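Visitor: Sharing a structure with you now.
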Amino acid sequence: MRITQSHLVTSARLEKQVSELQWVDEAALIQKHPTIFHYTAVEALRLILQSGGMWATVYGETNDRDEFRAFRQPIAEAAYRRLRPLVQRRIDKGELDFGGDASKADEVTRNEALVMFDSLLSTTPIPPYITCFCAHSEPHQATNGLLTMWRLYSKRDGRVALGFDTKALIEATARFQRDLAIYACYLDSVSYNPDDPEARKRLSADAGYYRLFEQTFEAIMDVGLGKRQADDIPDIAPDLDQLMSFYVACAAAKHPDFADEHEIRLVLAVSDDVSEADQRNPVLRPKQGRIHLNYLDALSEVMVGPNKDQDKLADEVRAQLDCAGFINVRVTRSQTPYRDTGE
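Counting in the working numbering, the final residue of the sequence shown is number 347, and the numbers go up one at a time with none missing.
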């Protein structure tokens, strides 16, 4: 049995802030990375300034086909450790029978944990939207930027990295959380290895979202045993804190091959199901899988990437910023040598 969106019922607001749910340490993020960068093309910068904001893309439509699934296996394995005792209890009561084969019970439980992970992610009533930033973690990156990111954009269009003041950006996410009819908006760093200390905390079997797995699994077993009909499952996700903490953990995971990007993510969770109490606040409506947010007041720098006409490009960027009223935003030039690849 798979979970459907109708099974996931949520309240209009988180009972806790995201920082309380899943180890999102905003103070540490500000201290470690005072400025974070969004890499894009010069033409995209023009459109950003023209529109007055940036787009966040729903997780299933980004350029990473496995977005949010990088830690699927360790999350499911931790869930298995919580679910296996529930299976054993049913076995002991005579409700389940694996013929005394504990390995078969293990296999079925592990498979159900994976199925539940996929179901919770694919049927969410609060689909996460993300905008990607990068940290310049090494000293030379402060003047050069990230070579792996410069290579993503056509030299014909010109490449830039938009530097945002991290503290101001986090303040903007708090403002969105307060003033808009949304579930959550926060900034968080990405883990590329499930064994690093931060990831281990998020994947701990004590994480709150595993209670959601337990509730769901109990309901699924009841259906399998004929104790209730598939369409008679009670609300199995009444606690939005649990559901949101699951998405926070998934959003912080990325395949290790992308580690050079040093990614920081702005994550936004919205829903069409807005309570009466929230209807006084503006509602963000997705447009073709994207949501527009204005936090350009946090923009502090634009770094112009390697280009044979870098000085000319820098002048063009300066003119665009001044025209849009961003006269205090610095324009810098990447010191990475330009290489003509014949592109």
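Where a beta carbon is used, it is the ideal one built from N, C-alpha and C, also for glycine.
The structure displayed is predicted, hence computed values, not measured ones.
1. Hey, glycine 162 and valine 306: beta-carbon distance below 8 Å or not?
2. Let me know the secondary structure DSSP gives threonine 39 once reduced to three states.
3. In angstroms, rounded to a whole number, what distance separates the CA positions of cysteine 136 and alanine 106?
4. Heavy atom of the ligand SAM less than 7 Å from the Cβ of glutamate 142, yes or no?
5. Ignore the nearest five residues each way along the sequence and tell me which others in isoleucine 79's own chain have a CB closer than 7 Å to its CB.
6. Give the DSSP bridge partners of alanine 257, in chain order.
7. Would the beta-carbon of arginine 337 fall within 8 Å of that of alanine 318?
8. Is the beta carbon of alanine 257 less than 8 Å from the beta carbon of phenylalanine 102?
9. Return helix, strand or coil for isoleucine 79, following the three-state DSSP convention.
10. Are the region 40 to 53 and the region 179 to 189 touching by the rule of at least three beta carbon pairs closer than 8 Å?
11. Keeping to the same chain, check which residues put their C-beta closer than 6 Å to that of valine 335; ignore five residues upstream and five downstream.
12. Flag this pair as yes or no: are the beta carbons of alanine 165 and glycine 309 separated by less than 8 Å?
13. Looking at chain B, is there any beta carbon in it that lies within less than 8 Å of the beta carbon of threonine 147?
14. Straight-line CA distance for serine 279 to tyrosine 63?
15. Give the secondary structure of glutamate 47 by DSSP, where H, G and I count as helix, E and B as strand, and everything else as coil.
16. Skipping 5 residues on each side, what residues in its chain have a beta carbon closer than 6 Å to that of glycine 212?
17. Between Cys138, Asp96 and Lys291, which lies nearest to isoleucine 40 when the distance is taken from Cα to Cα?
18. Whole angstroms are fine: how far does the CA of isoleucine 224 sit from the CA of alanine 60?
19. Could you tell me the alpha carbon to alpha carbon distance between valine 333 and arginine 88, rounded to whole angstroms?
Guide: A quick look at the data gives this:
1. Translated into positions along the sequence shown, residue 162 becomes position 158. Translated into positions along the sequence shown, residue 306 becomes position 302. No, they are not a contact pair.
2. Position 35 of the sequence shown, counted from the first residue, corresponds to residue 39. In this structure, threonine 39 counts as strand in the three-state DSSP scheme.
3. Numbered from its first residue, the sequence shown carries residue 136 at position 132. Numbered from its first residue, the sequence shown carries residue 106 at position 102. Cα-Cα distance, rounded: 44 Å.
4. Of the ligands one can find in the structure shown there are none, so the ligand SAM has no counterpart to examine.
5. Here the question's residue 79 lines up with position 75 in the sequence shown. So the list reads Phe121, Leu207 and Ala253, once near-sequence residues are dropped.
6. On the sequence shown, residue 257 is found 253 positions in, with the first residue counted as 1. Bridge partners of alanine 257: Ser195.
7. Looking up residue 337 in the sequence shown gives position 333. Looking up residue 318 in the sequence shown gives position 314. Cβ atoms of arginine 337 and alanine 318: closer than 8 Å.
8. In the sequence shown, the residue the question calls residue 257 occupies position 253. In the sequence shown, the residue the question calls residue 102 occupies position 98. Going by C-beta atoms, alanine 257 is not nearer than 8 Å to phenylalanine 102.
9. As a first step, residue 79 is located in the sequence shown; it is residue number 75 there, counting from the start. Residue state, collapsed to three classes: helix.
10. no
11. For the purposes of this step, residue 335 is taken as residue 331 along the sequence shown, with counting starting at 1. Only Val306, Ala318, Val321 and Arg322 meet the Cβ criterion.
12. To locate residue 165, count along the sequence shown from 1; it is residue 161. To locate residue 309, count along the sequence shown from 1; it is residue 305. Contact: yes.
13. Included in the structure is just one protein chain, with no chain B present.
14. As a first step, residue 279 is located in the sequence shown; it is residue number 275 there, counting from the start. As a first step, residue 63 is located in the sequence shown; it is residue number 59 there, counting from the start. Its pLDDT being 49, under 50, serine 279 is placed unreliably in this model, and the value from its coordinates should be taken loosely. Going from the Cα of serine 279 to the Cα of tyrosine 63 covers about 24 Å.
15. Counting from 1 along the sequence shown, the entry for residue 47 is found at position 43. Note: glutamate 47 maps to helix in three-state DSSP.
16. For the purposes of this step, residue 212 is taken as residue 208 along the sequence shown, with counting starting at 1. The residues are Gln246 and Ser249.
17. Against the sequence shown, residue 40 aligns to sequence position 36. It is Cys138 whose Cα lies nearest to the Cα of isoleucine 40.
18. Sequence index remark: in the sequence shown, residue 60 carries index 56 (1-based). Sequence index remark: in the sequence shown, residue 224 carries index 220 (1-based). Those two C-alpha atoms are separated by around 34 Å.
19. Position 329 of the sequence shown holds residue 333. Position 84 of the sequence shown holds residue 88. About 55 Å.
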